[in-house]
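Q:
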Amino acid sequence: MSDLILKHIEGGVLTLTFNRPDKKNALTRDMYTALSDALEQGASDEAVRVAVFQGAVDVFTAGNDLIDFLSSPPDASKGDDEPVFRFLHALQSFPKPVVAAVCGPAVGVGTTMLLHCDLVYAGDNAAFSMPFVNLGACPEAGSSLLLQNLIGYHRAAEKLMLGEAFYAEEALEMGLANRVLPPHEVNGYAQAQAAKLAAKPATSLRITKALMKQHHPTLPAVMMEEGKHFSDLIRGPAAKEAMSAIMEKRRPDFSKC
Ligand code: COA
């Protein structure tokens with residue numbers, strides 16, 4: 227387990243902490259691998275009854291590492307041999323309850339992964355965004371399906387096409403978050419909720435989750451299709467322009483893309 231992802235199991239709760247504060251918890255290929263290892267082991271480990279994702283009090287995650295996007299863009303043809311797709315698959319198929327504690331920015335996969343979590347607690351400083359189009363890419367993690375199911379087509383289109391940040395109260399109203407709390411209370415509250423779940427009958431929880439999730443039978447196919455487009459687009463001219471602009475701290479020019 228990399229020290230950029232902290233793993234802790236106690237009282238039936240597997241806690242995974244994003245721990246790369248100098249880069250706003252941006253997720254590298256190694257971090258996705260560490261998360262996948264933990265989820266895959268946790269799925270079959272009877273000592274794990276619930277999983278919790280958390281970041282720091284001022285940032286959940288800045289999403290995929292942008293240097294990784296440039297140097298080793300994800301390749302959907304590799305399936306689960308590609309770290310980000312392996313992580314998304316492990317999360318989407320995780321059979322036990324997943325709780326997320328979100329403070330500060332939750333960018334890209336930092337927001338879309340929440341669509342796969344069962345309970346989401348947000349700090350009043352949480353800022354969610356899915357700026358895939360602004361990066362010359364497209365939705366991932368099943369968000370093109372799950373987000374419109376959650377909030378309706380037009381609101382989902384606004385979030386996915388404009389890619390602008392939205393904040394904790396809106397996430398609560400949308401149903402993306404269960405509760406908004408002061409940032410310093412979020413991780414503790416999420417742990418307390420996870421402890422409640424860990425004390426419940428595990429099989430009942432597993433079947434409850436499976437029954438609720440079965441209504442998205444096309445989700446794995448949607449995720450694969452998104453992944454293929456994402457892989458192509460992230461190698462394309464708009465993504466190159468978007469990432470160069472970020473590095474050069476200038477506005478991107480998509481007039482030719
Ligand atoms: N990948 C790699 N490094 C990242 C990163 C990312 N996704 N997000 C932030 N960082 C790095 C910055 O380059 C900076 O590094 P430096 O100190 O070596 O220059 C450091 O983290 C701090 O980032 P900064 O932008 O100064 O912090 P902030 O508090 O002003 O803003 C964010 C935080 C998350 C809002 C902002 O960093 C951001 O928008 N990041 C890009 C997010 C993104 O586009 N992710 C991909 C989504 S698909």
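Residue numbers (this note's numbering): 227 to 483.
Every residue gets a Cβ at the ideal spot worked out from N, C-alpha and C, and that includes glycine.
Just so we're clear, the structure is a prediction, and the values are computed from it rather than from any experiment.
(1) Quick one: Cα of V346 to Cα of A425, how far?
(2) For V324 and E390, I'd like the C-alpha separation in whole angstroms.
(3) Tell me whether S369 sits in a helix, a strand or coil according to DSSP, three-state version.
(4) Taking the alpha-carbon positions, what's the E411 to G349 distance?
(5) Do K454 and the ligand NAP come close, with the Cβ less than 7 Å from some heavy atom?
(6) Counting Cβ pairs, one atom from each stretch, are 3 or more of them under 8 Å apart for the region 246-260 and the region 282-302?
(7) Excluding the 5 residues preceding and the 5 following A326 in the sequence, name in chain order all residues of the same chain whose CB lies nearer than 6 Å to its CB.
(8) Quick check: what's the CA-CA separation for G453 versus D307?
(9) I'd like the span of the beta strand (DSSP E) that includes E411, first residue to last.
(10) For R255, which three-state DSSP category applies?
(11) What does K304 pair with, by DSSP beta-bridge criteria?
(12) Going by the beta-carbon positions, is the gap between G330 and V448 smaller than 8 Å?
(13) Among E272, A273 and I231, which one has its Cα closest to the Cα of S262?
(14) Please list the segments of the alpha helix (DSSP H) lying wholly inside the region 444-475, counting only runs of 4 or more residues, in order along the chain.
A: In brief:
(1) Taking the first residue of the sequence shown as 1, we reach residue 346 at position 120. Taking the first residue of the sequence shown as 1, we reach residue 425 at position 199. Between the alpha carbons of V346 and A425 lies a distance of about 19 Å.
(2) The count along the sequence shown starts at 1 and reaches residue 324 at position 98. The count along the sequence shown starts at 1 and reaches residue 390 at position 164. Cα to Cα, the separation comes out at about 26 Å.
(3) Here residue 369 is taken as the residue at index 143 of the sequence shown, counted from 1. Reduced to three states, the DSSP call for S369 is helix.
(4) Here residue 411 refers to the residue found at position 185 of the sequence shown. Here residue 349 refers to the residue found at position 123 of the sequence shown. Each residue's alpha carbon lies about 8 Å from the other.
(5) Because the ligand NAP does not appear in the structure shown, any question about it cannot be addressed here, the ligands present being the ligand COA.
(6) yes
(7) Within the sequence shown, numbered from 1, the residue matching residue 326 stands at position 100. Cβ neighbours of A326 beyond the five flanking positions: F279, L340, C343 and V346.
(8) Position 227 of the sequence shown, counted from the first residue, corresponds to residue 453. Position 81 of the sequence shown, counted from the first residue, corresponds to residue 307. For the pair G453 and D307, the Cα-to-Cα distance works out to about 13 Å.
(9) Counted from its first residue, the sequence shown places residue 411 at position 185. That residue, E411, is in no beta strand (DSSP E); its alpha helix (DSSP H) goes P409 to A424.
(10) Counting from one through the sequence shown, the residue named residue 255 turns up at place 29. Helix.
(11) By 1-based counting over the sequence shown, the position of residue 304 is 78. Note: K304 sits in no beta bridge, so no partner.
(12) Here the question's residue 330 lines up with position 104 in the sequence shown. Here the question's residue 448 lines up with position 222 in the sequence shown. No, the Cβ-Cβ distance between G330 and V448 is not below 8 Å.
(13) Here residue 262 corresponds to residue number 36 of the sequence shown, with the count starting at 1. S262 has its Cα closest to that of I231, out of E272, A273 and I231.
(14) Fully enclosed alpha helix (DSSP H) runs of 4 or longer: 445-460 and 463-473.
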